[in-house]
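Engineer:
Protein chains: 2
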Amino acid sequence: MDDTDRALLTLLQDDAGQAYAALGKAVGLSTAAAHERVRKLRERGVVRRTTVEVDPRSLGLGVLAFVMVESSAWMGDSAEAFAAIPEIEEAHIIAGSASVLVKVRTATTEQLQDVLRRLYAIDGVSGTQATVALETFFERPPSPTS
Amino acid sequence: MDDTDRALLTLLQDDAGQAYAALGKAVGLSTAAAHERVRKLRERGVVRRTTVEVDPRSLGLGVLAFVMVESSAWMGDSAEAFAAIPEIEEAHIIAGSASVLVKVRTATTEQLQDVLRRLYAIDGVSGTQATVALETFFERPPSPTS
DNA sequence: TGTGAAATATTGATCGG
DNA sequence: CCGATCAATATTTCACA
């Protein structure tokens, strides 16, 4: 993981479909070398997968909320219960008063309410505190150069 | 945006590198038809870009935190100020007591503290409340089928 | 590890029906 | 939307530094 790898990652984050020749030229390597670098980055798991970034609004998902989930029990083994709710994009165990922080996207606030209902149905969940996002400034991938 | 489009999006989210022939077969279309569908999804902006998913830990970014940023002024025009901090992955204006919610990834808690310092330097910011993630259950793209 | 080059296989991209 | 075509690219391989 040197600076060249980080540069390649940044380029791939911007456009994963570009030719290896272009990648190589941008970082000062030959096509074959760039290819080999990227192959190893995938092999090591640094690059998890190539995916597409989908506009949530185009899917009708206009409501974004972060929900602090309070619990009365250890939540460390509840990953599947949260993953079973498709509207949840992220779930993290957090330090502090709440136990789990989830990121939720729905079409309407009624559907958000329904997600809260399903959260309450998870074993150990004792409360929720939802915060609705009014506007998203930006959402971007982690910066390899920080 | 019918069910076929949503199916294509799900397939592309899982692997954007697969051949159009495979995509077409999976949804019951010819190669050319699948190609055309995806082209239009890009054209419409439903698919923003093809990118790679990078493992944050491989970049040395082992600390994840969500920071509630309180302010004493209107923050609606401060997108660039937040974007100028590379450790910030997301920034949203939120309803509630705080004004902005940001997602931050750093290598160490010291660097997280430094991000907080830079947040305070933004005009109008009057306070921060950071919540550190102890474990990430999952992070996944928005589900086209919800 | 990297370079340059060459070969093949696969795929992206386009067009007529 | 389909089938077929053609150009571009990925992928693999090689000898060599």
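One line per chain: the protein sequences are A and B, in this order. Residue numbering for the first sequence follows this note's numbering, beginning at 48 and increasing consecutively. Residue numbering for the second sequence follows this note's numbering, beginning at 48 and increasing consecutively. C-beta atoms are modelled at their ideal positions from N, C-alpha and C, and glycine is treated no differently. Just so it is clear, the structure is predicted and the values come from calculations on it, not from any experiment.
1) First and last residue of the alpha helix (DSSP H) that includes L148(A)?
2) Rank S190(A), E117(A), S118(A), I135(A) by C-alpha distance to the C-alpha of T153(A) and give the top, closest one.
3) To the nearest angstrom, how far is the alpha carbon of G92(B) from that of G109(A)?
4) Between the alpha carbons of A80(A) and Y67(B), how many angstroms are there, rounded?
5) For T155(A), count neighbouring Cβ atoms within 10 angstroms of its own Cβ and tell me buried if that reaches 16, exposed if not.
6) Which whole-angstrom value describes the C-beta separation of I140(B) and A180(A), a residue pair presumed to lie in contact below a C-beta threshold of 8 angstroms?
7) So if I threshold CB-CB distances at 8 angstroms, which residues from the segment 92-111 of chain A count as touching chain B?
8) From the DSSP output, read off the bridge partner residues of V85(A).
9) So is F113(B) buried or exposed if we call it buried at 16+ other beta carbons inside 10 Å?
10) Contact check, T175(A) vs L159(A) under 8 angstroms by CB: the rounded distance?
11) Looking only at C-alpha atoms, which of L56(B), V85(B), G64(B) sits nearest to L59(A)?
12) Counting only beta-carbon atoms, is T175(B) nearer than 7 angstroms to chain A?
13) Select from the segment 127-158 of chain A all residues with a C-beta closer than 7 angstroms to any C-beta belonging to chain B, and list them in chain order.
14) Note down, in chain order, every chain A residue with its Cβ under 7 angstroms from the Cβ of G64(B).
15) Where in the segment 88-160 of chain A do unbroken runs of the alpha helix (DSSP H), each at least 4 residues long, occur, reported from the N-terminal end onward?
16) Please state if the CB of V172(A) and the CB of S118(A) are separated by a distance shorter than 7 angstroms.
17) My output table needs one value for A180(A): the three-state DSSP class, helix, strand or coil.
18) For A120(A), would you say it is in contact with chain B, using Cβ-to-Cβ distances shorter than 7 angstroms as the test?
19) Would M122(B) pass as a contact of S105(B) if the rule is Cβ separation under 7 angstroms?
20) Using only the alpha-carbon positions, how far apart do A130(A) and R165(A) sit?
21) Can you tell me where the alpha helix (DSSP H) holding Q65(B) begins and where it ends?
22) For a cutoff of 7 angstroms on Cβ pairs, would you count L58(B) as touching chain A?
23) What does the alpha-carbon distance come out to for the pair L76(A) and P189(A)?
24) Taking C-alpha atoms, which residue in P133(A), V101(A), R86(A), D102(A) lies nearest to R95(A)?
25) Given that L76(B) touches chain A, what residues does it touch there, using C-beta distances under 7 angstroms?
26) For A177(A), which of Y167(A), R89(A), A128(A), A69(A) has the nearest alpha-carbon?
27) Is DSSP giving T175(A) helix, strand or coil here?
Structural biologist: On the basis of the data shown:
1) Counted from its first residue, the first sequence places residue 148(A) at position 101. Run containing L148(A): none in the alpha helix (DSSP H); it sits in the beta strand (DSSP E), 147-153.
2) Start at 1 with the first residue of the first sequence, and residue 153(A) comes out as number 106. In terms of Cα proximity to T153(A), the closest of S190(A), E117(A), S118(A), I135(A) is I135(A).
3) Here residue 92(B) corresponds to residue number 45 of the second sequence, with the count starting at 1. Here residue 109(A) corresponds to residue number 62 of the first sequence, with the count starting at 1. One C-alpha to the other measures close to 15 angstroms.
4) Here residue 80(A) is taken as the residue at index 33 of the first sequence, counted from 1. Here residue 67(B) is taken as the residue at index 20 of the second sequence, counted from 1. If I take the Cα positions, the gap works out to 27 angstroms.
5) Here the question's residue 155(A) lines up with position 108 in the first sequence. Here T155(A) is exposed, its C-beta having fewer than 16 other C-beta atoms within 10 Å.
6) Sequence index remark: in the second sequence, residue 140(B) carries index 93 (1-based). Sequence index remark: in the first sequence, residue 180(A) carries index 133 (1-based). Contact between I140(B) and A180(A) holds: their C-beta atoms lie close to 7 angstroms from each other, under 8 angstroms.
7) Answer in chain order: G92, V93, V94, R95, R96, T97, T98, V99, E100, V101, D102, P103, S105, L106, L108, L111.
8) Counting from 1 along the first sequence, the entry for residue 85(A) is found at position 38. Bridge pairing for V85(A): absent [DSSP].
9) As a working mapping, residue 113(B) is identified with position 66 in the second sequence. F113(B) comes out buried.
10) Walking along the first sequence from the start, residue 175(A) turns up at place 128. Walking along the first sequence from the start, residue 159(A) turns up at place 112. Going by Cβ atoms, the distance from T175(A) to L159(A) rounds to 11 angstroms, so no, they are not a contact pair.
11) Translated into the one-based positions of the first sequence, residue 59(A) becomes position 12. Nearest C-alpha to L59(A): G64(B).
12) As a first step, residue 175(B) is located in the second sequence; it is residue number 128 there, counting from the start. At a cut-off of 7 angstroms between beta carbons, T175(B) makes no contact with chain A.
13) The segment 127-158 of chain A vs chain B, Cβ under 7 angstroms: F129, A130, P133, E134, E136, E137, A138, H139, I140, I141, A142, G143, L148, R152.
14) Residue mapping note: residue 64(B) aligns to position 17 of the second sequence, counting from 1. Per Cβ cutoff of 7 angstroms: T97.
15) 126-130, all fully within the segment 88-160 of chain A.
16) Numbered from 1 along the first sequence, position 71 holds the residue referred to as residue 118(A). Numbered from 1 along the first sequence, position 125 holds the residue referred to as residue 172(A). A distance below 7 angstroms separates the beta carbons of S118(A) and V172(A).
17) Position 133 of the first sequence holds residue 180(A). Secondary structure of A180(A) (DSSP, three-state): strand.
18) Along the first sequence, read from residue 1 onward, the residue named residue 120(A) stands at position 73. Taking Cβ atoms only, chain B never reaches closer than 7 angstroms to A120(A), which makes this a no.
19) Residue 122(B) sits at position 75 when you count from the first residue of the second sequence. Residue 105(B) sits at position 58 when you count from the first residue of the second sequence. Going by beta carbons, M122(B) and S105(B) fall outside the 7 angstroms limit.
20) By one-based count along the first sequence, residue 130(A) stands at place 83. By one-based count along the first sequence, residue 165(A) stands at place 118. For A130(A) and R165(A), the distance between alpha carbons rounds to 12 angstroms.
21) Counting from 1 along the second sequence, the entry for residue 65(B) is found at position 18. No alpha helix (DSSP H) holds Q65(B); DSSP gives it neither H nor E.
22) Translated into the one-based positions of the second sequence, residue 58(B) becomes position 11. The beta-carbon of L58(B) is placed no less than 7 angstroms from the nearest beta-carbon of chain A.
23) What you label residue 76(A) is simply residue 29 of the first sequence in a count that begins at 1. What you label residue 189(A) is simply residue 142 of the first sequence in a count that begins at 1. CA-CA distance, L76(A) to P189(A), rounds to 24 angstroms.
24) Counted from its first residue, the first sequence places residue 95(A) at position 48. Checked all of P133(A), V101(A), R86(A), D102(A); the closest Cα to R95(A) is R86(A).
25) Within the second sequence, numbered from 1, the residue matching residue 76(B) stands at position 29. Correct list: empty, because the minimum Cβ distance to chain A is about 17 angstroms.
26) Taking the first sequence and counting its residues from 1, the one referred to as residue 177(A) is at position 130. The shortest C-alpha separation from A177(A) is found at Y167(A).
27) Position 128 of the first sequence, counting from 1, holds the residue named residue 175(A). Look at T175(A) here: in three-state DSSP terms it is strand.
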